[in-house]
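Colleague: Okay, here's the structure, questions in a sec.
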Amino acid sequence: MPRKKKKKKKLVIVESPAKAKTISKFLGKGFEVAASMGHVIDLPKSQLGVDVNEDFKPKYITIRGKGKTLQSLKKKAKKSEGVLLATDPDREGEAISWHLAHALKIDEDSECRIEFNEITKTAIKNALDEVRSIDKDRVNAQQARRILDRLVGYKLSPLLWYKVRKGLSAGRVQSVAVKIICDREKEIEAFNPEEYWTIDTKVNGESKQEFSAKLHRINGEKFRIANKKESDKIVKALKEENLKIAKIKESKRRRYPSAPFTTSTLQQQASTKINFSTKKTMYLAQQLYEGLDLGADGTVGLITYMRTDSTRISKEAKGNLRKYIKDNLGEKYLSKKPKNYQAKSGAQDAHEAIRPTSVFRTPDKIKGYLNKEQYKLYKLIWERFVASQMSPALYKTLTVDIKGGEYWLRSKGSIELFPGFLRIDSTKQSTKDELLPELKEGENISLNKVMPEQHFTKPPARYTEAKLVKTLEKKGIGRPSTYATIVATIQNRGYVEREGSQFKPTDLGAVVNGLLSKHFPKVTDIEFTAQLEDDLDRIESGEIDWVQLLKDLYFPFEERLEEARENMENVTLEDEVTDEICEKCGSNMVIKHGRYGKFLACPEYPECKNTKPFLNKIGVKCPECETGDVVKRKSKKKRTFYGCSNYPECEFMTWNKPVNEKCPKCGNEFLVEKNSKGQKKIYCINKECDYERNKE
1 MPRKKKKKKK LVIVESPAKA KTISKFLGKG FEVAASMGHV IDLPKSQLGV DVNEDFKPKY
61 ITIRGKGKTL QSLKKKAKKS EGVLLATDPD REGEAISWHL AHALKIDEDS ECRIEFNEIT
121 KTAIKNALDE VRSIDKDRVN AQQARRILDR LVGYKLSPLL WYKVRKGLSA GRVQSVAVKI
181 ICDREKEIEA FNPEEYWTID TKVNGESKQE FSAKLHRING EKFRIANKKE SDKIVKALKE
241 ENLKIAKIKE SKRRRYPSAP FTTSTLQQQA STKINFSTKK TMYLAQQLYE GLDLGADGTV
301 GLITYMRTDS TRISKEAKGN LRKYIKDNLG EKYLSKKPKN YQAKSGAQDA HEAIRPTSVF
361 RTPDKIKGYL NKEQYKLYKL IWERFVASQM SPALYKTLTV DIKGGEYWLR SKGSIELFPG
421 FLRIDSTKQS TKDELLPELK EGENISLNKV MPEQHFTKPP ARYTEAKLVK TLEKKGIGRP
481 STYATIVATI QNRGYVEREG SQFKPTDLGA VVNGLLSKHF PKVTDIEFTA QLEDDLDRIE
541 SGEIDWVQLL KDLYFPFEER LEEARENMEN VTLEDEVTDE ICEKCGSNMV IKHGRYGKFL
601 ACPEYPECKN TKPFLNKIGV KCPECETGDV VKRKSKKKRT FYGCSNYPEC EFMTWNKPVN
661 EKCPKCGNEF LVEKNSKGQK KIYCINKECD YERNKE
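Note that UniProt numbering gives residue 679 to position 679 of the sequence shown, counting from 1, and the numbers run on in steps of one.
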């Protein structure tokens, strides 16, 4: 009996093994799923790889280390009935599919491309029903970005090596991000604080219950108290006035939920609420999107695609969400009408918002299958999504105006009548205004205490990671897929550093920004960079030609490059001298910058070649061994901690910054600084001591 011929399978290619495992579950026996492990083909690292005189023809090669992966895919493609390219649903994913099509000799105009916004059975089935050819306009938009970034980076970097320091690099979008941070630092340096005073009081009415009231108006007008003399005069006059309640206004206030997450808002909230970097947020979101093992349910994709600027959710997802709220929380918690959120101006709106693939898969149900960090991020996404279709929180507010002569005091209070979406959304703080006693108009008020307080205007705050991402999005710099890379790159290149949670430009960053702003103004120009992002969108929509755009941008840039080679000044960055003495020659060692960060070196090189690890001392002695210095270090995950310079002999370690100050309550030598809900606090490390104060 002749052997039955084995039926060929269709080959589906995705980027990652995790994604392949999740998709296999939904495709069945007629399909084989393989992973390309990301890009397999790209521009060469060792050379420019772009012929600017031949319409910017790129020279693509197989990425080093990806040869075996590509050979394996070729073998599987030959044995298969056909190939479907299922890379991510964005420009980069389209470019990966295009490279794979050429490498596997697949006609790019044939129906070979599928995409899906979430990895669920329904989404995969719909994708198989809508197979299409590769979108060449989308590929060209990605090519234009990749080639332009390559030209700017590979042409500018050698110039910086020659003019500033060997090993420096420059990038197109990253240079704008550095400029934003440098501009903010200049604002801070130029800021002159101005003195002003506020006057708070403690008062009571007929009920004798004390409450707070603030000086609100003088002669019915806004005012500014400029100094202590003016403040003392007002305090004295206020004490002599007879106070009465002039007006009581009672009203109701509604507080509405936010839209489901976009990439930008997810990164901002993850940074602010659970202290995740943009890089960590996207890494974890990728895992949730590609799928995790949920025991009996197998591998399941938990969220929709995480690179999006849209707040839109599908009709089916919205219907399931509203059913969940009604069945589990009650109809009073459901918004009266289905909410549709408006995407920001300029959003591509190509994909849905970031949401759970199933609202019924609550965080607590799957907590046992997720690690701690995956759970935190999934919970953040799930709660924001559920809250988006819930009713508003409702408050009763009371505004009391108290008059005494020309002085008006105001007191505000509120009571939460109904929590609404705040029952679910833990990212939103409930309003905690003072509760006021029963009061009536015309009631006499006693002045118990007057509390004048001196203040000084503060400069604009430095950018945190969340604020930087928000600013980049607002100004149209980069796209959802690039924010995390931008933030990571400007730190890795040593152009900015963190002070606590805030970014500060390094001396190197300030110098490079100054040179680029002067000699290549378009490279650091915010409006120009934002316009370029719009132009890339127009390439994707087929409105403009990508080669012509590169011609319009590159050749003027090349002329400026020639001018800069002649006219850009050479800058010498002086090495920072330390108190560390070289034990070989007695010189004060200096801080050098190497491939792996800072290190100490002898300034007498090459006569003396002594080097040491750089220890970032904070001026506090180790409380355990008392001989070592407390030094600032970084963990493997780049988290700051503080340890002893005598490690490993002394294993002292703390996550909180030590303060060189004795505890005034228990006499302990060791206080630490810690952030608590945005407020820096000083507290005693002695567990039996409860000393704590706000940092001034």
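By construction, the Cβ of each residue, glycine as well, lies at the ideal position given by its N, Cα and C atoms.
Rounding to the nearest angstrom, what Cα-Cα distance links K19 and E290 in this structure?
Modeller: Taking the first residue of the sequence shown as 1, we reach residue 19 at position 19. Taking the first residue of the sequence shown as 1, we reach residue 290 at position 290. If I take the Cα positions, the gap works out to 5 Å.
Colleague: Below 6 Å CB to CB, which residues in the same chain sit around G509 once its five sequence neighbours on both sides are set aside?
Modeller: Position 509 of the sequence shown, counted from the first residue, corresponds to residue 509. If we look at G509 and ignore the five residues flanking it on each side, its Cβ neighbours are V178, Y495 and V496.
Colleague: Would you grab the beta carbon distance between E32 and S110 for me? Rounded to a whole angstrom, and I think it's under 8 Å.
Modeller: Working through the sequence shown from its first residue, we reach residue 32 at position 32. Working through the sequence shown from its first residue, we reach residue 110 at position 110. In fact, because the Cβ distance is near 19 Å, the residues do not count as touching under 8 Å.
Colleague: Let me know if G301 comes out buried or exposed under the rule of 16 or more other beta-carbons within 10 Å of its beta-carbon.
Modeller: Along the sequence shown, one-based indexing puts residue 301 at 301. Result: buried.
Colleague: For V12 and M37, what's the separation of their Cα atoms in angstroms?
Modeller: Your numbering for residue 12 matches position 12 in the sequence shown. Your numbering for residue 37 matches position 37 in the sequence shown. The straight-line gap from Cα to Cα measures roughly 13 Å.
Colleague: In whole angstroms, what separates the C-alpha of I245 from that of A353?
Modeller: On the sequence shown, position 245 is the one that residue 245 refers to. On the sequence shown, position 353 is the one that residue 353 refers to. About 50 Å.
Colleague: Taking the C-alpha atoms as reference points, what is the distance between K105 and A170?
Modeller: Mapped onto the sequence shown, residue 105 falls at position 105. Mapped onto the sequence shown, residue 170 falls at position 170. Cα-Cα distance, rounded: 36 Å.
Colleague: Just checking, does the region 318-332 make contact with the region 386-401 on the three C-beta pairs under 8 Å criterion?
Modeller: Touching, yes.
Colleague: Select from S446, K598 and D535 the residue whose C-alpha is nearest the C-alpha of E210.
Modeller: In the sequence shown, the residue the question calls residue 210 occupies position 210. For the residues S446, K598 and D535, the minimum Cα distance to E210 belongs to S446.
Colleague: Which partner residues of T399 appear in the DSSP bridge assignment?
Modeller: On the sequence shown, residue 399 is found 399 positions in, with the first residue counted as 1. Its beta-bridge partners are K249 and K412.
Colleague: What separation, rounded to the nearest whole angstrom, lies between the Cα atoms of F360 and A393?
Modeller: In the sequence shown, counting from the first residue as 1, residue 360 sits at position 360. In the sequence shown, counting from the first residue as 1, residue 393 sits at position 393. One C-alpha to the other measures close to 23 Å.
Colleague: Check the C-beta distance from I181 over to P460 and give it rounded, since I have them as a contact under 8 Å.
Modeller: Taking the first residue of the sequence shown as position 1, residue 181 is located at position 181. Taking the first residue of the sequence shown as position 1, residue 460 is located at position 460. At roughly 12 Å, the Cβ-Cβ gap does not stay under 8 Å, so I181 and P460 are not in contact.
Colleague: Straight-line CA distance for E576 to K592?
Modeller: As a working note, residue 576 is residue 576 in the sequence shown. As a working note, residue 592 is residue 592 in the sequence shown. Taking the straight line from one Cα to the other gives about 8 Å.
Colleague: Is DSSP giving E383 helix, strand or coil here?
Modeller: Numbered from its first residue, the sequence shown carries residue 383 at position 383. Helix.
Colleague: Who pairs with A393 in a beta bridge, going by DSSP?
Modeller: As a position in the sequence shown, residue 393 is number 393, starting the count at 1. DSSP lists R255 as partners of A393.
Colleague: In whole angstroms, give me the CA-to-CA distance for R355 and E15.
Modeller: To locate residue 355, count along the sequence shown from 1; it is residue 355. To locate residue 15, count along the sequence shown from 1; it is residue 15. Looking at the two C-alpha atoms, the distance is approximately 21 Å.
Colleague: I'd like the ranges of any alpha helix (DSSP H) spanning at least 4 consecutive residues and lying wholly in the region 98-133.
Modeller: Complete alpha helix (DSSP H) runs here, min 4: 121-129.
Colleague: When the Cα atoms are used, what is the spatial distance from G82 to D42?
Modeller: Within the sequence shown, the letter at position 82 stands for residue 82. Within the sequence shown, the letter at position 42 stands for residue 42. Their Cα atoms are separated by approximately 25 Å.
Colleague: Spell out a yes or no on whether the region 94-105 and the region 116-135 are touching, meaning 3 or more CB-CB pairs, one atom from each, closer than 8 Å.
Modeller: Yes: at least three Cβ pairs fall under 8 Å.
Colleague: Using CA atoms only, rank isn't needed, just tell me which of V631, E574 and C622 is closest to P603.
Modeller: Taking the sequence shown and counting its residues from 1, the one referred to as residue 603 is at position 603. The shortest C-alpha separation from P603 is found at E574.
Colleague: Quick one: using the 10 Å Cβ neighbour count with 16 as the cut-off for buried, is Q174 buried or exposed?
Modeller: The count along the sequence shown starts at 1 and reaches residue 174 at position 174. Buried.
Colleague: May I have the straight-line CA-CA distance separating K518 from R538, to the nearest angstrom?
Modeller: By 1-based counting over the sequence shown, the position of residue 518 is 518. By 1-based counting over the sequence shown, the position of residue 538 is 538. Distance between the alpha carbons of K518 and R538 is about 29 Å.
Colleague: Sorted by chain position, which residues of the same chain lie with C-beta nearer than 6 Å to I114's C-beta, five sequence neighbours on each side aside?
Modeller: Within the sequence shown, numbered from 1, the residue matching residue 114 stands at position 114. Counting only Cβ-Cβ distances below 6 Å, and skipping sequence neighbours, we find L84, A86, A127 and V131.
Colleague: Would you report the Cα separation of K474 and N117, rounded to the nearest angstrom?
Modeller: The sequence position of residue 474 within the sequence shown is 474, counting from 1. The sequence position of residue 117 within the sequence shown is 117, counting from 1. So the alpha carbons of these two residues sit roughly 25 Å apart.
Colleague: Would H351 and T308 be called neighbours here (beta carbons separated by less than 8 Å)?
Modeller: Locating residue 351 in the sequence shown gives position 351, counting from the first residue. Locating residue 308 in the sequence shown gives position 308, counting from the first residue. For H351 and T308, yes; Cβs fall inside 8 Å.
Colleague: If distances are taken between C-alpha atoms only, which option among P664, G404 and D579 comes closest to K214?
Modeller: Working through the sequence shown from its first residue, we reach residue 214 at position 214. Ranking P664, G404 and D579 by Cα distance to K214 puts G404 first.
Colleague: Return the CA-CA distance between C650 and N588, expressed in angstroms with no decimal places.
Modeller: Within the sequence shown, the letter at position 650 stands for residue 650. Within the sequence shown, the letter at position 588 stands for residue 588. Rounded to whole angstroms, C650 to N588 spans 26 Å at the Cα level.
Colleague: Buried or exposed for L435, please, with buried defined as at least 16 other CB atoms from any protein chain shown within 10 angstroms of its CB.
Modeller: On the sequence shown, residue 435 is found 435 positions in, with the first residue counted as 1. L435 comes out exposed.
Colleague: Measuring alpha carbon to alpha carbon, tell me which of L156, L398, L288 and R423 ends up nearest P257.
Modeller: Numbered from 1 along the sequence shown, position 257 holds the residue referred to as residue 257. It is R423 whose Cα lies nearest to the Cα of P257.
Colleague: Could you tell me which whole alpha helix (DSSP H) segments of length 4 or greater appear in the region 528-599?
Modeller: Counting only runs of 4 or more, we get 546-567.
Colleague: When the Cα atoms are used, what is the spatial distance from E533 to G476?
Modeller: As a first step, residue 533 must be located in the sequence shown, where it is residue number 533. As a first step, residue 476 must be located in the sequence shown, where it is residue number 476. Cα-Cα distance, rounded: 7 Å.
Colleague: How is G28 classed by DSSP in three states: helix, strand or coil?
Modeller: Stepping through the sequence shown from its first residue, residue 28 is reached at position 28. DSSP places G28 in coil when its eight states are reduced to three.
Colleague: Please identify the residue among S212, T22 and G30 whose C-alpha is closest to the C-alpha of L288.
Modeller: As a working mapping, residue 288 is identified with position 288 in the sequence shown. Closest option to L288, Cα to Cα, is T22.
Colleague: Pull up the distance between the alpha-carbon of K681 and that of I303, whole angstroms please.
Modeller: Here residue 681 corresponds to residue number 681 of the sequence shown, with the count starting at 1. Here residue 303 corresponds to residue number 303 of the sequence shown, with the count starting at 1. Their backbone Cα atoms lie some 37 Å apart in a straight line.
Colleague: Give the single residue among W161, P193 and N275 whose Cα lies nearest to the Cα of G500.
Modeller: If you number the sequence shown from 1, residue 500 lands on position 500. With distances taken between Cα atoms, G500 lies closest to N275.
Colleague: Using 10 angstroms around the beta-carbon of P648, count the other beta-carbons present and answer buried if the total reaches 16, otherwise exposed.
Modeller: Your numbering for residue 648 matches position 648 in the sequence shown. With fewer than 16 Cβ atoms within 10 Å of its Cβ, P648 is classed as exposed.
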